[in-house]
Every structure is written in structure tokens, then in C-alpha cells.
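Visitor: In the numbering used here, the protein residues as written are 2 to 299. Glycine is no exception: its CB is placed at the ideal position from the N, C-alpha and C atoms. Here it is: the structure, laid out below.
Here you go:
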């Protein structure tokens, strides 16, 4: 029998080619402004998310940060420790969620920020989307989203498969952390495509990008101008930011050195920008060949 080499037609609820399960309407997060933070692995998403959560809290907002990474270190600088994950706690009670109390999986961090680490399935098994779904379900069952103004999902690396794209089903805006280099911008281009696919069936839209660990922003800005995207913040490549993570602290707990004070102001400005609402961007991601040509690679 001849091998069928035709392209399968997969039409799902979450964009062309998708075979994902549509979100249960009962799991919608209502009342809070929800942001999902994405970017290339190692780009500084957790540092960005935690300092952004701290900035929102300094503006008087009630903040919940949800780490979506098996490393479970998203909230490390907010709490000063690695807190247990939702998936591990569920295993401990044989997945009888009714036995859990909020204090089992929600931990208070800097300036009252609520911290949750969803965790992830064992390597090579399961799906990150299930973990995210169970976390949101627990938070809703315990009414923990009812007194929250801002929810921040800090999401694993640049994985844009269905599982770790699941936070986009809940978010109002997606924020991409990038740097002024090819790999980071290439990852950003793919994440833009993933968000655009989700936006056809969910309320999520792109807020813009944060240039992180970058002295210059020329390559980021050139990409943004080409595809119709916006850079809405710039966090310079400062040793003080790395030191804060080593000390298990946000920048808002570090000494008032001039460069730290300046970056705090940038985080506060970013929080105010997101809170006041950003334009719903719809950039056009580039094909691989065009992004290579744009950024000057032979």
C-alpha cells in the first residue's frame, strides 16, 4: 500500500492545525487583569515577572503570580525560597483536590504578592496544559481569584505547544521578554504566531515586548517596526539585577543604588502601562527566511 504523504487537515478550536481541547467556560478568570509572560528560555522571564508583580503591588494592586515551569523557581525572589508545586501537592493527596487548603499551595511573597508554582509533568510525559488547568481550577474552587486585581502567568521557555500555550486561554494580554540578539528575536517571532493563533478564539492579544539584558535595542526595534509590534520597556544588562536573584530578592528589596532605582522606575512604568491598557496589537510574524534576512545572517 502506498504511503499517504498528503498533509493532514487538522482544524481545532485554537487555530489552524490545532487539536487542543477548548477551555471550559467555567474556568475563565474574571475580575482580574491577566498577563502571560513568554520568551526564549533563559531570557529572564521569571526575573521580569517577579519584579513586575512587585511593581504592581507597589501601585496598591492585589497580585497573584503563577509559575508554569517544572523548575518551579518563578516566585523564588518573591518568597525567598522554592515553594512546593501544585502538581506535587496533588500527588501527595492522590489527586483528591478537596483535601487541599489554600495555604497548601498559595504562599505570600514580597509586599503581599500571592505566589503559586504550578510545576509540570514528569519529563517526557503528560501535558503542561493539564497542570495549568488544575491550578486555575484549584484557585477558583477556593475563591482565590475573587480578591485579585492582577494575575501574572510566568511560562516555561519558548515552548509554544498546546500545553504551555494554555495560559493564553486565560490572559488578556501576552508580554514577550526578548533581547537584542537573533535567537531571542527568532523565539519572539514564533511566540507572536502562537498568540495570533489563540487570539482567533480567545480574548488574548499581544501587549508588546520587553527588551531585557540588553544595552542596545536597535535589532529589537527594527524587528518590531517590520512586523508591527511595540517595545514597551527596556531593562538594561545590569549586574545589580543578577545580584538580586542571587540574594533571593526583588529589585524593590535591594539597596537604593542609582542603577537599581532607575530599573525600579522602569518596572513601575511598565506596570502602569499594562494596568492602563495597551493597544491590542496584531503583528504579522515573519517566515524563517525573512527573519534571517532581516537580522543580517548569511
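1. For residue 9, count neighbouring Cβ atoms within 10 angstroms of its own Cβ and tell me buried if that reaches 16, exposed if not.
2. Could you give the first and the last residue of the continuous alpha helix (DSSP H) run that contains residue 185?
3. Are at least three pairs of beta-carbons, each pair with one atom in the segment 208-221 and one in the segment 56-72, less than 8 angstroms apart?
4. So, helix, strand or coil for residue 155, using DSSP?
5. Please state the DSSP three-state secondary structure of residue 242.
6. State the beta-bridge partners of residue 108 as determined by DSSP.
7. Counting only the same chain and skipping the five closest in sequence on each side, list residues whose C-beta sits under 8 angstroms from that of residue 33.
8. Does the contact criterion of 3 or more C-beta pairs under 8 angstroms hold for the segment 185-199 versus the segment 249-259?
9. Can you tell me the Cα-Cα spacing of residue 75 and residue 176, whole angstroms?
10. Taking C-alpha atoms, which residue in 191, 99, 246 and 240 lies nearest to residue 259?
11. Between 139, 294 and 78, which lies nearest to residue 105 when the distance is taken from Cα to Cα?
12. Which residue or residues does DSSP assign as beta-bridge partners of residue 225?
13. With distances taken between CB atoms, is the gap from residue 88 to residue 121 smaller than 8 angstroms?
14. Which of helix, strand or coil does DSSP assign to residue 1?
15. Pick from 290, 35 and 82: whose alpha carbon is nearest that of residue 190?
16. Can you grab the Cα-Cα spacing for the pair residue 111 / residue 54, in whole Å?
17. Between residue 228 and residue 168, which are expected to be in contact by the criterion C-beta below 8 angstroms, what is the C-beta distance as a whole number of angstroms?
18. Please name the residue or residues paired with residue 211 in a DSSP beta bridge.
19. So, using beta-carbon positions, are residue 224 and residue 186 closer together than 8 angstroms?
20. Applying the 10 Å Cβ sphere with the 16-neighbour rule, what's the burial state of residue 281?
21. Taking all protein chains shown into account, decide if residue 96 is buried (16 or more other Cβ within 10 angstroms of its Cβ) or exposed.
22. Which one or two residues does DSSP pair with residue 37 in a beta bridge?
23. Quick check on residue 171: buried or exposed, where buried means 16 or more other Cβ atoms within 10 Å of its Cβ?
24. Less than 7 angstroms between the CB of residue 94 and some heavy atom of the ligand HEM, yes or no?
25. What is the rounded straight-line gap between the Cα of residue 21 and the Cα of residue 132?
26. Name the residue from 266, 92, 144 and 275 whose alpha carbon lies nearest to the alpha carbon of residue 119.
27. Can you look up residue 9 in the DSSP assignment and give me helix, strand or coil?
28. Go to residue 30, then tell me how far its alpha helix (DSSP H) extends in each direction, as first and last residue.
Guide: Straight from the coordinates:
1. Numbered from its first residue, the chain shown carries residue 9 at position 8. Per-residue confidence for residue 9 stands at a pLDDT of 41, beneath the threshold of 50, marking its modelled position as unreliable; the derived number appears in the next sentence. In summary, residue 9 is exposed, with fewer than 16 beta-carbon neighbours lying within 10 Å of its beta-carbon over all protein chains present.
2. In the chain shown, residue 185 corresponds to position 184, counting from 1. Run containing residue 185: 183-200, per the alpha helix (DSSP H) assignment.
3. no
4. Along the chain shown, one-based indexing puts residue 155 at 154. The answer is strand: DSSP assigns residue 155 an E or B state.
5. Here the question's residue 242 lines up with position 241 in the chain shown. Of the three classes helix, strand and coil, the one that applies to residue 242 here is helix, per DSSP.
6. As a position in the chain shown, residue 108 is number 107, starting the count at 1. Its beta-bridge partners are 116.
7. Against the chain shown, residue 33 aligns to sequence position 32. Closer than 8 angstroms at Cβ, skipping near neighbours: 65, 146, 149, 150, 151 and 152.
8. no
9. For the purposes of this step, residue 75 is taken as the residue at position 74 of the chain shown. For the purposes of this step, residue 176 is taken as the residue at position 175 of the chain shown. Straight-line Cα distance between these residues: approximately 16 angstroms.
10. Numbered from its first residue, the chain shown carries residue 259 at position 258. Minimum Cα distance to residue 259 is reached at 240.
11. One-based indexing of the chain shown puts residue 105 at position 104. Of 139, 294 and 78, the residue nearest in Cα terms is 139.
12. As a first step, residue 225 is located in the chain shown; it is residue number 224 there, counting from the start. Looking at the DSSP assignment, residue 225 forms no beta bridge with any residue, so it has no partner.
13. The sequence position of residue 88 within the chain shown is 87, counting from 1. The sequence position of residue 121 within the chain shown is 120, counting from 1. Yes, Cβ-Cβ distance for residue 88 and residue 121 is below 8 angstroms.
14. Look at the range of the chain in this structure, 2 to 299, and you will see that residue 1 is not part of it.
15. For the purposes of this step, residue 190 is taken as the residue at position 189 of the chain shown. Considering only alpha carbons, the answer is 290.
16. Locating residue 111 in the chain shown gives position 110, where the first residue counts as 1. Locating residue 54 in the chain shown gives position 53, where the first residue counts as 1. Residue 111 and residue 54: Cα-Cα distance of roughly 9 angstroms.
17. One-based indexing of the chain shown puts residue 228 at position 227. One-based indexing of the chain shown puts residue 168 at position 167. With 8 angstroms as the limit, residue 228 and residue 168 do not qualify as a contact, their Cβ atoms being about 22 angstroms apart.
18. Translated into the one-based positions of the chain shown, residue 211 becomes position 210. Per DSSP, 178 and 234.
19. Position 223 of the chain shown, counted from the start, is the residue given in the question as residue 224. Position 185 of the chain shown, counted from the start, is the residue given in the question as residue 186. Cβ distance < 8 angstroms, so residue 224 and residue 186 count as in contact.
20. Locating residue 281 in the chain shown gives position 280, counting from the first residue. Under this definition residue 281 is an exposed residue.
21. Position 95 of the chain shown holds residue 96. With fewer than 16 other Cβ atoms within 10 Å, it is exposed.
22. Position 36 of the chain shown, counted from the first residue, corresponds to residue 37. Paired residue(s): 154 and 175.
23. By one-based count along the chain shown, residue 171 stands at place 170. Buried, because 16 or more other Cβ atoms sit within 10 Å of the Cβ of residue 171.
24. Among the components modelled here there is no ligand, and therefore nothing to report on the ligand HEM.
25. Here residue 21 refers to the residue found at position 20 when the chain shown is read from its first residue. Here residue 132 refers to the residue found at position 131 when the chain shown is read from its first residue. With a pLDDT of only 47 at residue 21, under the threshold of 50, the placement of this residue in the model should not be trusted, and no figure is reported.
26. In the chain shown, the residue the question calls residue 119 occupies position 118. For residue 119, the closest of 266, 92, 144 and 275 by C-alpha to C-alpha distance is 92.
27. What you label residue 9 is simply residue 8 of the chain shown in a count that begins at 1. Here residue 9 scores only 41 on pLDDT, less than 50, and its place in the model should not be relied on; the value that follows carries that caveat. Residue state, collapsed to three classes: coil.
28. One-based indexing of the chain shown puts residue 30 at position 29. From DSSP, residue 30 is part of no alpha helix (DSSP H); its letter is neither H nor E.
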